[in-house]
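Have a look at the structure below, then the notes.
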Amino acid sequence: MKSRAFSLILLMLAALLLLSGCTNQTRNRQANRTGVVQRFELLTQSDTIPIGDGVAFEGFTFNGIMPGPQLMVNEGDTVEITVINVDSVTHGLSVHAANTQTSAHVGNIPPGETRVLTFYADYPGVYMYHCAPGGHGIMAHTMGGQFGMIVVEPKEKYQMEKDLSREPDLRVYLIQHEVYADGRDFFDGKALYVMFNGETFRYVRDPIPARPGDYVRFYYLNVGPNLTSTFHAVGGIWDYIYYGGNPRNLMEGTQSVVTGPTDSWVIDWKVPDEGSFLLVSHAFGTQAIKGAVGVLDSRQDSPRVGSISSEGPTDPPPVDPKRFVSPFGLGSDTLDVPVRYRDGDQIQIQMVGNSYYPKRAEVPVGSTVRWINEDVFDMLEGERTGKHDVVVVRADGPERFRSELLMHAETFEFTFTEPGSYEYICSIHPYMRGLITVVDTQ
Ligand SMILES: [Cu+2]
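Going by the working numbering, the sequence shown opens with residue 223, and the numbers climb by one from there.
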């Protein structure tokens, strides 16, 4: 009896030692460092790009694509990212793979300037990076198209590799993200489109080839900026899933992965049969139907492509787009439909999410128009603030006006006494654009 208790204690001690060994190994990040320096260059710029089906998007990008460049490093590497702001507005960078305050180095980069961020990729997984000029601008620029994926490949093998002594046959890097028509919809989470890797239904038009029995590894990242995705393969069950892409965060056999904004997973899935497997966010009405669907085409004779990148398409924007989506600018009049007011109507135009809402208004002569700042973050200055004003930049009528800078919930009013049209901007966010057309109704 005594010896049994003794061996039980010995067993427990051994287990404890083993556990603490694991913990030390995980936590000793400095000893894990490789000394390899991985260098990247990100250009921040204003852009017009294709987002699928003949639609153009006007916003901001890294290196001219949305999502931006896919950055690949190994656990323990030193990462050096040079951010070059070639734009006329302030940008910046936030990298979630860095366990350090990136804003101290690459936040708030003025036009024409370059900054460098250096950090150690100590934590394995799939991470988001995004623009970060600071404050209010972080949210606005991320919505405006500036985001991408950085993968820190783990030293430790994923469980699938341990179990089966094999590598995946195909690696699919997939970013889910939303496009908004204006800042009001951004505030309300009413996405116009939801997409994988920069285009609506990109992999329905151009399916991802695989073969039955293949192991497909998804590097799945939802950059949002608002919606929570539930990623699912129709006709499949995820074999191994690792939260955040860290091999230690293992679960098995689930129908979906719940992925909030900036959450990520690595998924190892064995393609069970031949056929077309739909890859969807199972939020059907708010996401899948708006473009968050792809196809994995499983056939015996499918080509071997190795990997699918998360980077946005590099095609030029459509020459004559059927729609022009511009969350901050005037966009298309079929999307940003002019709102027609009548005599006596109360006319109020919001400044919200770095856009005017409605962007286009038609008002009768004699109308008083009130602008109100609905942006809440009115601290700081420049791109970092949600303060706004109204400055006329183009007019074919006689009125000339300019408001003070408005804080949250502050208003400015102007009465139009002559017909004409007035295009206006915010002086500190000059890509914000609104249009008032004053018409004679007599
Ligand atoms: Cu930016």
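Note that beta-carbon positions come from the ideal geometry of N, C-alpha and C, so glycine has one too.
CB of residue i to nearest heavy atom of ligand 1: below 7 Å?
{"i": "histidine 363", "result": "yes"}
{"i": "threonine 266", "result": "yes"}
{"i": "glutamine 368", "result": "yes"}
{"i": "histidine 313", "result": "yes"}
{"i": "phenylalanine 282", "result": "yes"}
{"i": "proline 166", "result": "Look at the range of the chain in this structure, 223 to 664, and you will see that residue 166 is not part of it."}
Which residues in the same chain as residue i place their Cβ atom closer than 6 Å to its Cβ, once the five residues preceding and following it in sequence are excluded?
{"i": "tyrosine 644", "result": "Val614, Ala617 and Ile658"}
{"i": "cysteine 244", "result": "Annotation note: pLDDT 49 at cysteine 244 (below 50); position unreliable, no value reported."}
{"i": "methionine 223", "result": "Note that methionine 223 scores 48 on pLDDT, short of 50, meaning its location in the model is unreliable; the coordinates nonetheless yield the value given after this. Same-chain partners within the cutoff: there are none."}
{"i": "isoleucine 571", "result": "Tyr578 and Trp593"}
{"i": "aspartate 220", "result": "In the structure as shown, the chain begins at 223 and stops at 664. Residue 220 is therefore absent and cannot be evaluated."}
{"i": "threonine 663", "result": "Pro586"}
{"i": "alanine 510", "result": "Val502 and Ser503"}
{"i": "leucine 265", "result": "Asn285, Ile306 and Val308"}
{"i": "proline 346", "result": "Glu297, Val374, Pro376 and Asn468"}
Going by the C-beta, is residue i closer than 7 Å to any heavy atom of ligand 3?
{"i": "proline 434", "result": "Ligand 3 is not among the ligands present in this structure, which contains only ligand 1."}
Does the separation of the CB atoms of residue i and residue j fall below 8 Å?
{"i": "valine 488", "j": "arginine 526", "result": "no"}
{"i": "isoleucine 430", "j": "valine 517", "result": "yes"}
{"i": "serine 316", "j": "histidine 352", "result": "yes"}
{"i": "leucine 602", "j": "glycine 411", "result": "no"}
{"i": "methionine 382", "j": "tyrosine 437", "result": "yes"}
{"i": "serine 498", "j": "glycine 467", "result": "no"}
{"i": "valine 305", "j": "threonine 336", "result": "yes"}
{"i": "alanine 432", "j": "serine 524", "result": "yes"}
{"i": "aspartate 167", "j": "aspartate 537", "result": "Outside the modelled stretch of the chain, which goes from 223 to 664, sits residue 167, for which no answer is possible."}
{"i": "glutamate 635", "j": "valine 591", "result": "yes"}
{"i": "threonine 484", "j": "valine 445", "result": "yes"}
{"i": "tyrosine 349", "j": "threonine 300", "result": "no"}
By the DSSP assignment, the beta strand (DSSP E) with residue i in it spans what residues?
{"i": "phenylalanine 409", "result": "Unbroken run through phenylalanine 409 is the alpha helix (DSSP H), 405 to 410; no beta strand (DSSP E)."}
{"i": "glutamate 263", "result": "259 to 272"}
{"i": "valine 613", "result": "613 to 617"}
{"i": "isoleucine 503", "result": "A small correction: the amino acid at residue 503 is serine; isoleucine does not occupy that position in the sequence shown. Taken as a continuous stretch (DSSP letters only), the beta strand (DSSP E) holding serine 503 covers 497 to 503."}
{"i": "valine 479", "result": "479 to 481"}
{"i": "arginine 666", "result": "Coverage of the chain is limited to positions 223 through 664, which leaves residue 666 absent and any answer about it impossible."}
{"i": "methionine 371", "result": "369 to 375"}
{"i": "alanine 455", "result": "451 to 455"}
{"i": "glycine 347", "result": "347 to 352"}
{"i": "glutamine 570", "result": "569 to 574"}
{"i": "aspartate 662", "result": "From DSSP, aspartate 662 is part of no beta strand (DSSP E); its letter is neither H nor E."}
Near residue i, what residues of its chain come up, given a Cβ to Cβ distance below 8 Å and the 5 sequence neighbours on each side ignored?
{"i": "tyrosine 563", "result": "Ile569, Ala583, Glu584, Val585, Pro586 and Ser589"}
From this set, the options, which residue's C-alpha is nearest residue i's C-alpha?
{"i": "proline 333", "options": "Gly604, His454 and Asp404", "result": "Gly604"}
{"i": "proline 679", "options": "Lys609, Tyr578, Val574 and Glu335", "result": "Outside the displayed range of the chain (223 to 664) lies residue 679, so it cannot be described from this structure."}
{"i": "tyrosine 646", "options": "Asp611, Pro620 and Lys544", "result": "Asp611"}
{"i": "glutamate 533", "options": "Gly276, Thr283 and Phe636", "result": "Thr283"}
{"i": "glycine 367", "options": "His313, Leu386, Glu383 and Tyr395", "result": "His313"}
{"i": "glutamate 400", "options": "Pro447, Gln522, Gly457 and Pro291", "result": "Pro447"}
{"i": "arginine 427", "options": "Leu500, Gln477 and Ala403", "result": "Leu500"}
{"i": "glycine 656", "options": "Ala631, Thr639, Asp555 and Val416", "result": "Asp555"}
{"i": "proline 289", "options": "Met365, Ala343, Gly298 and Ile360", "result": "Met365"}
{"i": "asparagine 330", "options": "Pro620, Arg606, Tyr415 and Thr637", "result": "Arg606"}
{"i": "valine 456", "options": "Gln477, His630 and Leu628", "result": "Gln477"}
{"i": "proline 641", "options": "Phe599, Ala631 and Pro620", "result": "Pro620"}
{"i": "glycine 170", "options": "Glu626, Glu280 and Arg622", "result": "No statement about residue 170 is possible, as the shown extent of the chain runs from 223 to 664 and does not include it."}
If you follow the alpha helix (DSSP H) that residue i is part of, which residue opens it and which one closes it?
{"i": "methionine 365", "result": "357 to 365"}
{"i": "glutamine 381", "result": "381 to 386"}
{"i": "arginine 424", "result": "424 to 427"}
{"i": "valine 328", "result": "325 to 328"}
Beta-carbon within less than 7 Å of residue i's beta-carbon, same chain only, minus the 5 sequence neighbours each way: which residues are those?
{"i": "phenylalanine 423", "result": "Gly274, Gly513 and Val515"}
{"i": "proline 540", "result": "Pro272, Gly276 and Ala278"}
{"i": "aspartate 600", "result": "Thr607, Gly608, Lys609, Met629 and His630"}
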